[in-house]
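For the sequence shown, the numbering used here begins at 6 and goes up steadily by one.
No residue lacks a Cβ here, since even glycine has one placed at the ideal position from N, Cα and C.
Fair warning: this is a prediction, and the values are worked out from it, not measured in the lab.
Accompanying notes for the structure given below.
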Amino acid sequence: MANVTIVGRQDSIDVNFGDYYVAAKTKKSRWRKDALVACFITDTDAVVIRTVYKQDFAFSVTGLPAGTLPVDTVDGVAPTSAEHLFSLIVQNIN
């Protein structure tokens with residue numbers, strides 16, 4: 006099963022939702038960095054990206070907790086923990 010992959014660009018990040026496109030309601034997405042307002046880790050180790058459009062996308066390393074989308078790689082690097090995933094995403098949106 007193909008999980009989510011995230012690739013940073015100069016002014017945007019590309020998100021390929023892989024086999025989770027039904028849950029995400031889109032197959033691929035390009036987000037402008039200036040449209041991302043927050044990135045945080047919840048108490049359940051979900052890494053959430055919030056957009057200016059008040060949309061939250063919850064990601065994780067394993068697909069747990071329920072409702073999160075498992076991430077395979079961020080810029081080709083496989084995250085090993087919620088903190089690592091958070092760090093990789095923040096590096097790409099700053």
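Which same chain residues end up closer than 7 Å to residue i when comparing Cβ atoms and leaving out the 5 residues on each side of it in sequence?
i	result
V82	L93
Considering only DSSP beta bridges, list what residue i is partnered with.
i	result
V63	Position check: residue 63 holds Ala in this sequence, whereas Val was assumed. Answer by DSSP bridge pairing, in chain order: V53.
I11	V20, V79
S34	V20
Leaving out five residues on either side along the sequence, give the residues of the same chain with a beta carbon under 6 Å from the beta carbon of residue i.
i	result
A40	T56, V57
T10	N21, D77, T78
Starting from the C-beta of residue i, find all residues in its chain whose C-beta is less than 8 Å away, skip the five residues before and the five after it, and write them out in chain order.
i	result
V89	Before going further, note that residue 89 is His rather than Val in the sequence given. Once the five neighbours on either side are set aside, the close Cβ partners of H89 are V66.
I46	V52, V53, A87, E88, F91
Determine the direct distance from the alpha carbon of residue j to that of residue i, and round the result to whole angstroms.
i	j	result
V27	D19	17 Å
C44	W36	13 Å
A63	G72	7 Å
When burial is assigned at 16 or more other CB atoms within 10 Å of the CB, is residue i buried or exposed?
i	result
T31	exposed
L74	buried
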